[in-house]
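At position 10 of the sequence shown the residue is numbered 9 (numbering that gives the first Met the number 0), and the sequence of numbers has no breaks.
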Amino acid sequence: MSETDDETPDIDELRERVADLRDAAAALREYGEDNEIPAVERNAKRVEGTVSVLEQHVPEPLDEE
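Here's what the structure looks like:
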């Protein structure tokens with residue numbers, strides 16, 4: 000998927016979606032822990048690691064002063 004000059008990515012939306020992924024992975028990990036389902040817990044931790052990589056590549060919001 001390529002972007003044209005008149006299209007700019009919505010960084011705030013991207014940041015929100017990555018945060019949603021982090022929340023979902025944490026909820027899955029907790030569910031796996033609470034219900035003693037090691038596969039869910041283990042894979043949710045992997046998802047959290049992947050989300051960490053995504054977070055490193057999402058720019059921080061610009062301070063508008």
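Positions of the beta carbon are idealized from the N, C-alpha and C atoms, including for glycine.
| query | Just how far apart, CA to CA, sit valine 57 and glutamate 29? | reply | What you label residue 57 is simply residue 58 of the sequence shown in a count that begins at 1. What you label residue 29 is simply residue 30 of the sequence shown in a count that begins at 1. Answer to the nearest angstrom: the Cα atoms are 26 Å apart.
| Contact check, leucine 27 vs valine 39, beta carbons under 9 Å | As a position in the sequence shown, residue 27 is number 28, starting the count at 1. As a position in the sequence shown, residue 39 is number 40, starting the count at 1. Contact flag set, yes.
| What are the start and end residues of the alpha helix (DSSP H) that includes valine 57? | As a working note, residue 57 is residue 58 in the sequence shown. Note, valine 57: premise wrong, no alpha helix (DSSP H); not H, not E.
| Enclosing alpha helix (DSSP H) for isoleucine 36 [first to last residue] | Reading the sequence shown from its first residue, position 37 is the one you call residue 36. Looking at the DSSP string, isoleucine 36 is not in any alpha helix (DSSP H), and its letter there is neither H nor E.
| Going by Cα to Cα distance, which pick from Glu35, Glu12, Ala23, Pro60 is closest to leucine 46? | Translated into positions along the sequence shown, residue 46 becomes position 47. At residue 46 the sequence reads valine, which differs from the leucine that was named. Of the listed residues, the one whose Cα sits closest to valine 46 is Ala23.
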